[in-house]
Amino acid sequence: MQRRQFLQIAAAGAGAWAAGCGRARATAGKRSVATFCELCFWKCGAVATVEDGRVVKLDGNPADPLSNGRLCPRGNGGTGALYDPDRLKTPLIRIGERGSERFREASWEEALDLVARA
Ligand code: SF4
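In this note's numbering, the protein residues as written are 5 to 122.
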């Protein structure tokens, strides 16, 4: 990506975010937040509908010149991935034999130190 493209996307994202803020005032308890999909390397621009602090819907951001307001099926299902009870939210360190699937939660600092020592 060239610097010029990056600046265009950043400006478009800021515009969409500002537009979303405007809508937020019009609809009590609901707001739109410009974001992007992280489910693959394309990082498509998205607009998240947030209701009472929870993302309830993802749409493509029409201001994104790469995805032109579209999300693929995987991106459209992004809210499911976000709130999946099995989603990892912290590093895990194995505490049993390999294959026993026994882990404990660890801090990022501890996990990175472990990897750096390996
Ligand atoms: S919407 Fe689809 S193509 Fe775009 S970043 Fe997400 S997973 Fe990738």
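All residues carry an ideal CB built from backbone N, CA and C; glycine is no exception.
None of the values given here were measured: they were computed from a predicted structure.
Judging by CA-CA distance, which residue of the options is the nearest neighbour of residue i?
i: Cys48; options: Lys34, Cys76 and Ser36; result: Cys76
i: Ala67; options: Arg106, Val51 and Trp46; result: Val51
i: Asn80; options: Asp90, Val59 and Pro95; result: Val59
i: Thr39; options: Glu55, Gly57 and Gly64; result: Gly64
i: Thr53; options: Leu43, Ser71, Asn72 and Gly82; result: Gly82
i: Leu92; options: Ser36, Ala122, Glu114 and Glu109; result: Glu109
i: Ser71; options: Leu86, Ser36 and Trp46; result: Trp46
i: Arg74; options: Glu113, Gly103 and Cys41; result: Cys41
i: Asp117; options: Pro89, Glu105 and Leu96; result: Leu96
Under the DSSP definition of a beta bridge, which residues are partnered with residue i?
i: Ala52; result: Val37 and Leu62
Minimum length 4: unbroken alpha helix (DSSP H) runs contained in the segment 63-114: 77-80 and 82-86
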